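Colleague:
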Ligand SMILES: Nc1ncnc2c1ncn2[C@@H]1O[C@H](COP(=O)(O)OP(=O)(O)O)[C@@H](O)[C@H]1O
Ligand SMILES: Nc1ncnc2c1ncn2[C@@H]1O[C@H](COP(=O)(O)OP(=O)(O)O)[C@@H](O)[C@H]1O
Ligand SMILES: Nc1ncnc2c1ncn2[C@@H]1O[C@H](COP(=O)(O)OP(=O)(O)O)[C@@H](O)[C@H]1O
């Protein structure tokens, strides 16, 4: 099994979720994160003081999938999250050794 | 060493923390996440407009443990986080290659 | 490629980011987390009721780097995040199997 | 001059002023957090802009010596000759106090409209629109109704501004919603209000301030002010419950935002009749208003125009109902200077009320359309989609609402 | 009729109305964020419900022609015959203004009680409870004290509602806390207030509105109103400091919530005596109130009943102290229409105050218990544990407080 | 005695009281979220502390029988002899009402200063500072200007406290900013305001309350109060727009915080002249104030002192401009009891205004410096760096602002 972590633009979340649903991915965990990279941050001004904010709001998706699904999931996210502009984000694939469902104790593929 | 990631129901956090304490786990990192899975989301209504919210608040625990402790930790979380209802969450075990304590520079088991 | 996860004190974030910049690390993802460990939590009092809060605000950095950079990055974070006091945090190194840039589809080192 | 009346009108004026910050909160809580400041700023900016207009020429055009029933003359431009002695509109308070009181009404009216184009309007477009709309729509309509213009000659009743303020802004809002078009993601994404506690606070301050609005419209601390005060409260309470029950029946749950919305609907609906109807009339007006405005808001969802914060459903529909209801429930038993309505044997008043309301709607819609086209041509109405996604606070004002 | 008095009473009434939204904020900030809206809504709903009750029969039962010292008659039901001329309770303002002023007191009293069962009450249970409690407890007690009932004949003093409002609601709250039982997780989980800035704002608005409550109880813009205004402010300031210092001494830190709570304790305690005591009396009343209510709240922790937002500790205990303190510090030097208290040579007043207070407590507790049992039988009092965990905003109202 | 005047002054006093909670919000929203409560508490604590000082000896020192033009006598300590009949400062309201009204001014002045040392002051240091500063700076300066002291004999004009309140607190704030030194991270970390909606609300309440502040300073519901009311509103509106436009031109974007700041700058600047200038004067005063205070705030960034919430830039600079502008625009056409300013042919007034302002600045700065040194020696001014990093809410008060 693999863990896929994807950092995407927040407003793309719904599209990505739907696209994943369409290929049968019915579980995931998301969180609000902030990203730093090539995409330029923004400037804020308060009573004349200018602050540059480098960290940009992003959403992180964490999805555990069977190894065989990795490619499909990565491609799906790639397409759904793509705007073609800098800052679209990244996808990381990590190895997972075990998965357990809390409710039933099932493990492995059963648990996803 | 392994990293254990557990997605649990937020109101179970205290129980899980105490149960882990009881088996000698004294360190962990948690974060607020949102989960999508079998558990049904909820409906919100604002001036007649109904919105379905699929993402459900969850807490993610991240715990680095020695490989030998994995089973004990997983079992403990399983029991403490269990309500028997859909949405109790999942536990993932990932390999970790190195751990370093910032303060001292200790690595490996020493650093946990 | 490796994933470096560092849990640090929030007010050290700027220092760490700058130190990483200085050694050529130009991308990372951060999130707000809460830590539990040796560092003592705090007490809150509301109308006489005292609550002990064990979880302490921390910032988690996630940085994907080439394997060759791991040591440099770990050392840099260690130094920049160090205050010498309990609770400075931890650094974890995890294996990563693949990295994809959403915008271009580049993979591997190109994608970082 | 009467110190009791001056005392009351000074405070009533302050109360009406507070309604605009109250509206900023009411609206601010309902948008997404990325737009909270831009939304609030628009109300505050109205406090700035309209005040200056009012001093320069606004009061004079609205209340200056009547020119053909259509507009006031410029005799009082710059408040020339408007002083601390009593004016023509009120014998017991300084003329300048009447100017101040009326100013607060002129401020909140364009601020109400901002709810319709929230979350997508360019700040310069808002500014230009507000200046033009205030000048070309508010001032004439205000003159027609209160400044000795043609509507007042008709015998229509508008105690505290149902036509001038609510119908007028509601009609403008409908046109604006259509011209601006939908927000990106409308009907697809979840547009949750970001901070309903803020909205509740806003509703509370509006309710509080509205006592100044309606009771103050008696221009004196007297029996009519008392009646207006009480009818205002009763109608509001009734409408709050009515909306709550209506949504409970129709959608299965009573909501907090429903209670707040119902209260505002009641305040709007009682405005034209507050000084003319009795408690029973007020209660019926409120009960109808709560359910009616809720249905209007539901209907919007069906019709599919994006009036972001329901200016049409609450102020337009509530105001229209209030104007018509005044034609039904007004009674000279309450206010000898008023008129009897349909239920007190005078069907004529109802007709007049309807005519005045629809004429105002017509004028307001056409004029608003033209103004929007002009503004669009000069500065453009809407921000880019990218800015809309990022939020107006950051893109229009380089600020963010919260760093918690 | 006096325009100065009318002016003042119109504004005072508006100020008291504002206290209920103020309370919504005060309470709303103290609950967990998942219950902020359900908590706020309950206060707003009281504005709706009690207003309708008041018009239909409430005012009449409370202030109508006395029937045996126990209750008013239904002569004024539907406000029949209650008009814009002066009424029996005040010669210089319209009867309807007195009705409006008193209504605002009737609204806030059940709203105060909602603090005790916050975070676990079913919305329908709250509604039914409020209707029954207002009818069966508030109206009679109000009649006894202010409407010509048996307490007023006794010679007890209650300037602005210490007994009618605070002791009454505090006693009811104690019973409700016991009947409802503890919130899940009480004493184990951390029940942090979710937004103390909101609570501070609420405290500020309550303080502001309370000037209308206490000074307005003079029913005129006169010397007694002035005295009530100033004693209110002084007692509040003293209690704020007193609570702050007490917790500093006992728990090691002065807290913001302590300052807000102390202020409310002072406002409560001065309420019955505001128009009868002098500045020195007010200062002592406040100093005692701050520490006493803090200790009462600490004691709750020991006794282990879950009065969620401390209605008992602040309103019950503070109100009781205020009623007794009026029996100590009242002086006819301040108010010739008042009485002298114990420290001015009249121990009798103290006894009367105590008797009135404890009778009210007894009646309120018994009646509240019965009402709660009835409500429980009809709709059930408490939400399911699952709903309690998820939060009432979502489960009772399909809303969430914040989307930041 | 006049019921209209009493009515107005009771309400005006309540309005000024509300300004301090308003300030708590205005300031609270601008600090980082870890300091929101400690910041708000300081304003609320001023309500407590200054009230007790005022009753014990404050009113007497400020307004008691003049001793050599420098300070009042202790004849009225404990408010001895200060009753419900009219006092020497106002014939138509009870003496105690004047006491209450003036108290509210004494409360807000030290509260204003807290903005300069926000986010790093120890709570005990704040307490001690406030007691000493109120006693040794506010009371004498108040006496000089309003209590029959030497400035009042000069013929300087200060309608509602430009010198006493704003210049005075601004001068003290400058010294405090220098003595306290910069917050950790200043100029490096991003000090975003944590909740600008809260700040906007605070600005709205301040604006609302300021009507009581300025119009109430007429001490009667009359023409002068009306003039003060209107000039206050016009100057505020003008300053709001002026700051907005200035930052738009200079930094490229109009901001919400700029609008709020501009409004406060306008309110400050019109304070000394509100009852002496006409609408045109007010508009110019406001237009200048908005831009001037914005530039002052920009300059602070250059000069590099850490006046956290810009007390110097807004209250100091705005107050000074207002005092001088009163010397330019005052006219006896508006207020026969006032004086003519430079533009009405009397350059003398301008000189007097300048002298009074600068003397006050000098006295305030020196006295504040000494007081701060004493406080530092006794309890220490600043929290440890570690506590500063963790936030004062937790370290000074064991609380946190938000648990969302
Ligand atoms: N080396 C990295 N490690 C972890 N996260 C990264 C890394 N580089 C970029 N990211 C994440 O990806 C996001 C997008 O990266 P960015 O360089 O801005 O644009 P792009 O994805 O188009 O290359 C960043 O905001 C950050 O969250
Ligand atoms: N494939 C997955 N990858 C990552 N997280 C998952 C996945 N499936 C479920 N989750 C997480 O586990 C939570 C619980 O899953 P759910 O299917 O609702 O119930 P259950 O745990 O009882 O199977 C989800 O809310 C989500 O956070
Ligand atoms: N076993 C662990 N697994 C995951 N995170 C941990 C673990 N132990 C500690 N942490 C994280 O590291 C932070 C610092 O740890 P702590 O024991 O307080 O001090 P130190 O870093 O000085 O050893 C904790 O707050 C927590 O976020």
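Protein chains in written order, with my numbering: chain A, 1139 to 1250; chain B, 1139 to 1250; chain C, 1139 to 1250; chain D, 1172 to 1575; chain E, 1172 to 1575; chain F, 1172 to 1575.
Every residue gets a Cβ at the ideal spot worked out from N, C-alpha and C, and that includes glycine.
None of these values were measured; they are calculated from a predicted model.
1) Residue 1436/F and residue 1461/F: beta carbons closer than 8 Å?
2) Is the Cβ-Cβ distance between residue 1276/E and residue 1336/E less than 8 Å?
3) Which residues in the same chain have their Cβ closer than 8 Å to the Cβ of residue 1241/F, if we skip the five residues on either side of it in sequence?
4) Got a sec? Which residues, its chain only, sit under 6 Å from residue 1538/F by beta carbon, not counting five neighbours each side?
5) Relative to the alpha-carbon of residue 1205/B, which residue among 1236/A, 1197/A, 1153/A, 1176/A has its alpha-carbon at the smallest distance?
6) Does the beta carbon of residue 1290/E sit closer than 8 Å to a beta carbon anywhere in chain B?
7) Out of curiosity, what's the CA-to-CA distance linking residue 1551/D and residue 1149/A?
8) Going along the stretch 1358–1375 of chain F in order, which residues come within less than 8 Å of chain C, judged by CB to CB distance?
9) Scan the stretch 1202–1229 of chain C for residues whose Cβ lies nearer than 9 Å to a Cβ of chain A and list them as they occur along the chain.
10) Can you tell me whether residue 1361/E is helix, strand or coil according to DSSP?
11) On the three-state DSSP scale, how would you describe residue 1578/E?
12) Helix, strand or coil: which one does DSSP assign to residue 1169/A?
13) Can the beta-carbon of residue 1263/E be found closer than 8 Å to that of residue 1391/E?
14) Among 1470/D, 1567/D, 1530/D, which residue has its Cα nearest to the Cα of residue 1342/D?
15) Output the distance between the C-alpha atoms of residue 1417/E and residue 1499/E, rounded to the nearest integer angstrom.
16) For the stretch 1165–1176 of chain B, list every residue whose C-beta sits within 8 Å of some C-beta in chain A, in sequence order.
17) Would you kindly work out how many angstroms separate the C-alpha atoms of residue 1511/D and residue 1250/E, rounded to a whole number?
18) Using a Cβ-Cβ cutoff of less than 8 Å, which residues in the same chain neighbour residue 1567/F once the five nearest sequence positions on both sides are dropped?
19) For a cutoff of 8 Å on Cβ pairs, would you count residue 1408/F as touching chain D?
20) Whole angstroms are fine: how far does the CA of residue 1173/C sit from the CA of residue 1344/E?
21) Please confirm whether residue 1324/F has its beta-carbon closer than 8 Å to some beta-carbon of chain A.
22) Can you give me, in chain order, the residues of the stretch 1494–1526 of chain F that have a beta carbon less than 7 Å from any beta carbon in chain D?
23) Tell me the DSSP secondary structure of residue 1554/D in three-state form.
24) Just to confirm, is the Cβ distance from residue 1229/A to residue 1142/A under 8 Å?
25) With respect to 7 Å, is the separation between the Cβ of residue 1166/C and the closest non-hydrogen atom of ligand 1 below this value?
26) Can you tell which of 1223/C, 1248/C, 1243/C has its C-alpha closest to the C-alpha of residue 1241/B?
27) Examine ligand 2 and report whether any of its heavy atoms sits within less than 7 Å of the Cβ of residue 1194/B.
28) Identify the contact partners of residue 1193/C in chain B, using a Cβ-Cβ distance below 7 Å as the criterion.
29) Give a yes or no on whether the minimum CB-CB distance between residue 1428/D and chain F is below 8 Å.
30) What alpha helix (DSSP H) runs, 4 residues minimum, are completely inside the stretch 1298–1361 of chain F?
31) Strictly below 8 Å CB to CB, what residues from chain C border residue 1196/B?
32) Using a C-beta to C-beta distance shorter than 8 Å, which residues of chain C count as neighbours of residue 1302/B?
33) From residue 1287/F to residue 1225/F, what does the alpha carbon distance come to, in whole angstroms?
34) Check for me: the alpha helix (DSSP H) holding residue 1216/A runs from which residue to which?
35) Give the residues of chain F in contact with residue 1394/E, contact being defined as C-beta atoms less than 7 Å apart.
36) Provide the residue(s) that pair with residue 1194/B in DSSP beta bridges, ordered along the chain.
Modeller: With the structure as the only source:
1) As a working note, residue 1436/F is residue 265 in the sixth chain. As a working note, residue 1461/F is residue 290 in the sixth chain. A contact, by the Cβ cut-off of 8 Å.
2) Taking the first residue of the fifth chain as position 1, residue 1276/E is located at position 105. Taking the first residue of the fifth chain as position 1, residue 1336/E is located at position 165. Closer than 8 Å, so yes.
3) Here residue 1241/F is taken as the residue at index 70 of the sixth chain, counted from 1. Answer for residue 1241/F: 1311, 1314, 1315, 1320, 1321, listed in chain order.
4) Your numbering for residue 1538/F matches position 367 in the sixth chain. Taken in chain order, the residues that qualify are 1307, 1308.
5) In the second chain, the residue the question calls residue 1205/B occupies position 67. Per the Cα distances, 1236/A.
6) Against the fifth chain, residue 1290/E aligns to sequence position 119. Answer no: the Cβ-Cβ gap between residue 1290/E and chain B never drops below 8 Å.
7) If you number the fourth chain from 1, residue 1551/D lands on position 380. If you number the first chain from 1, residue 1149/A lands on position 11. If I take the Cα positions, the gap works out to 25 Å.
8) 1359, 1360
9) 1202
10) Translated into positions along the fifth chain, residue 1361/E becomes position 190. Reduced to three states, the DSSP call for residue 1361/E is coil.
11) The shown model of chain E, from 1172 to 1575, leaves out residue 1578/E, and the question about it has no answer.
12) In the first chain, residue 1169/A corresponds to position 31, counting from 1. If DSSP states are grouped into helix, strand and coil, residue 1169/A belongs with the strands.
13) Taking the fifth chain and counting its residues from 1, the one referred to as residue 1263/E is at position 92. Taking the fifth chain and counting its residues from 1, the one referred to as residue 1391/E is at position 220. A contact, by the Cβ cut-off of 8 Å.
14) Reading the fourth chain from its first residue, position 171 is the one you call residue 1342/D. Ranking the options by Cα distance to residue 1342/D, first place goes to 1530/D.
15) Translated into positions along the fifth chain, residue 1417/E becomes position 246. Translated into positions along the fifth chain, residue 1499/E becomes position 328. Straight-line Cα distance between these residues: approximately 23 Å.
16) 1169, 1170, 1171, 1172, 1173, 1174, 1175, 1176
17) Along the fourth chain, one-based indexing puts residue 1511/D at 340. Along the fifth chain, one-based indexing puts residue 1250/E at 79. Roughly 21 Å between the two C-alpha positions.
18) Along the sixth chain, read from residue 1 onward, the residue named residue 1567/F stands at position 396. Closer than 8 Å at the Cβ level, and outside the excluded window around residue 1567/F, lie 1209, 1293, 1294, 1554, 1558.
19) Working through the sixth chain from its first residue, we reach residue 1408/F at position 237. Answer yes: the Cβ-Cβ gap between residue 1408/F and chain D drops below 8 Å somewhere.
20) Here the question's residue 1344/E lines up with position 173 in the fifth chain. Here the question's residue 1173/C lines up with position 35 in the third chain. The alpha-carbon atoms of residue 1344/E and residue 1173/C are separated by roughly 39 Å.
21) Along the sixth chain, read from residue 1 onward, the residue named residue 1324/F stands at position 153. No - not a single Cβ of chain A is within 8 Å of the one on residue 1324/F.
22) none
23) Along the fourth chain, read from residue 1 onward, the residue named residue 1554/D stands at position 383. Correct three-state label for residue 1554/D: coil.
24) For the purposes of this step, residue 1229/A is taken as residue 91 along the first chain, with counting starting at 1. For the purposes of this step, residue 1142/A is taken as residue 4 along the first chain, with counting starting at 1. Yes.
25) Within the third chain, the letter at position 28 stands for residue 1166/C. Checking every heavy atom of ligand 1 against the Cβ of residue 1166/C, one is found closer than 7 Å.
26) On the second chain, position 103 is the one that residue 1241/B refers to. Among 1223/C, 1248/C, 1243/C, the Cα nearest to that of residue 1241/B belongs to 1223/C.
27) Taking the first residue of the second chain as position 1, residue 1194/B is located at position 56. Answer for residue 1194/B: yes, Cβ within range of ligand 2.
28) What you label residue 1193/C is simply residue 55 of the third chain in a count that begins at 1. What residue 1193/C touches in chain B: 1168.
29) The sequence position of residue 1428/D within the fourth chain is 257, counting from 1. Chain F contact via Cβ: absent.
30) 1310–1317, 1321–1325, 1339–1351
31) In the second chain, the residue the question calls residue 1196/B occupies position 58. What residue 1196/B touches in chain C: nothing, since even the nearest Cβ is about 14 Å away.
32) Chain B is shown from 1139 up to 1250; residue 1302/B falls before or after that span and cannot be answered.
33) The residue given as residue 1287/F occupies position 116 in the sixth chain. The residue given as residue 1225/F occupies position 54 in the sixth chain. Roughly 24 Å separates the two Cα atoms.
34) Stepping through the first chain from its first residue, residue 1216/A is reached at position 78. Taken as a continuous stretch (DSSP letters only), the alpha helix (DSSP H) holding residue 1216/A covers 1208–1219.
35) Position 223 of the fifth chain, counted from the first residue, corresponds to residue 1394/E. Correct list: 1255, 1265.
36) Counting from 1 along the second chain, the entry for residue 1194/B is found at position 56. DSSP output for residue 1194/B lists 1173/B as bridge partner(s).
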